[in-house]
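Student: Before I ask anything, let me first share the structure, which is written out below as structure tokens.
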């Protein structure tokens, strides 16, 4: 994988921050609060990393409306930066309206629809997060000649991963917690083996006790079956250049 100054930072849970060479900043599925404890009894176990009022994002993206991907306690503060736009799956609309977010700065994406501007192209990819979350999407993000595929919360779907659009993917990001409709560690490794990205990054583990996920098991699977593929286990707030 060729190196550039495109930066990818792991924000914990399923969250990532991408910054291209022009300084255009995208936040994806950022969970910055502890609201899931208040609503569902899912206590946050990882440290708080970022002040949502100081993130200074150009684009905030939510792949679906679950609160660990669309955080109602932090989204209004992130959106208080007037340049920030919100790009999200259609099931976020009800929550965005409840929060009183400015509709003119929101774009909703359905599967196969594309959002683009001079800095980024994002295609909504098919996603299988169960029958209760039919609007959930994955993301194919392209910027500065790099291709980042974020599966979103999804079950293992080989038919999705053999998509020719994913050829020459630079970075693959996917869940490995094996609960609530998501791939487990072995399935995540299988997906990585199909897509053969330049770098694979697992996520969606350790933030909640109820969610499960063992990154060491994922690493063992990758080494045993796909030793020729690059992967990294990222600590929260760690940044890699792609």
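In this note's numbering, the protein residues as written are 230 to 471. Beta carbons: idealized from backbone N, C-alpha and C, even for Gly.
Should residue 232 be labelled buried (16 or more other beta-carbon atoms within 10 Å of its own) or exposed?
Tutor: The predicted position of residue 232 is uncertain, since its pLDDT is 49 and thus under 50; a value taken from the coordinates is nonetheless stated next. Residue 232 comes out exposed.
Student: Can you tell me which of the three DSSP states residue 282 falls into?
Tutor: Note: residue 282 maps to helix in three-state DSSP.
Student: For residue 417 and residue 261, what's the separation of their Cα atoms in angstroms?
Tutor: Each residue's alpha carbon lies about 25 Å from the other.
Student: Can you tell me whether DSSP reads residue 356 as helix, strand or coil?
Tutor: Residue state, collapsed to three classes: coil.
Student: Using the beta-carbon count (16 or more within 10 Å), is residue 242 buried or exposed?
Tutor: Residue 242 should be labelled buried.
Student: Below 6 Å CB to CB, which residues in the same chain sit around residue 406 once its five sequence neighbours on both sides are set aside?
Tutor: Excluding residues within five positions, the ones whose Cβ falls inside 6 Å are 433, 434, 440, 441 and 442.
Student: Just the Cα atoms here: how many angstroms apart are residue 304 and residue 463?
Tutor: Taking the straight line from one Cα to the other gives about 24 Å.
Student: Work out the CA separation of residue 240 and residue 386 for me, nearest whole Å.
Tutor: Residue 386 and residue 240: Cα-Cα distance of roughly 26 Å.
Student: Since residue 365 and residue 382 should fall inside the 8 Å C-beta cutoff, what is the C-beta to C-beta distance between them, to a whole number of angstroms?
Tutor: Correct: roughly 6 Å between the Cβ atoms.
Student: Pairing CB atoms from the stretch 361–379 with CB atoms from the stretch 266–283, are three or more of them under 8 Å?
Tutor: No, they do not touch.
Student: Would you kindly work out how many angstroms separate the C-alpha atoms of residue 246 and residue 447, rounded to a whole number?
Tutor: Each residue's Cα considered, the two are about 23 Å apart.
Student: In angstroms, rounded to a whole number, what distance separates the CA positions of residue 359 and residue 341?
Tutor: Distance between the alpha carbons of residue 359 and residue 341 is about 18 Å.
Student: Suppose the cutoff is 6 Å on Cβ atoms and the five residues either side in sequence are ignored; what does the same chain contact list for residue 355 look like?
Tutor: Answer for residue 355: 340 and 389, listed in chain order.
Student: Which same chain residues end up closer than 6 Å to residue 377 when comparing Cβ atoms and leaving out the 5 residues on each side of it in sequence?
Tutor: So the qualifying residues of the chain are 370 and 400.
Student: When burial is assigned at 16 or more other CB atoms within 10 Å of the CB, is residue 298 buried or exposed?
Tutor: That one is buried.
Student: Excluding the five sequence neighbours on either side, which residues of its own chain have a C-beta within less than 8 Å of the C-beta of residue 451, listed in chain order?
Tutor: Hits under 8 Å: 418, 421, 429, 458 and 460.
Student: So is residue 277 buried or exposed if we call it buried at 16+ other beta carbons inside 10 Å?
Tutor: When all chains shown are included, residue 277 counts as exposed.
Student: Just to confirm my understanding: we take residue 375, look at its own chain, exclude 5 residues before and 5 after, and list those with CB closer than 6 Å. What are they?
Tutor: Only 235, 399 and 471 meet the Cβ criterion.
Student: Am I right that residue 282 and residue 309 are in contact with their C-beta atoms under 8 Å? What's the rounded C-beta distance?
Tutor: The Cβ separation is near 6 Å, so the contact holds.
Student: Could you give the residue range of the alpha helix (DSSP H) that holds residue 371?
Tutor: From DSSP, residue 371 is part of no alpha helix (DSSP H) but of the beta strand (DSSP E) over 367–372.
Student: For residue 424, which of 362, 394 and 264 has the nearest alpha-carbon?
Tutor: Residue 394 is the option with its Cα nearest to residue 424.
Student: For the alpha helix (DSSP H) that contains residue 269, what are its first and last residues?
Tutor: 264–269 is the extent of the alpha helix (DSSP H) around residue 269.
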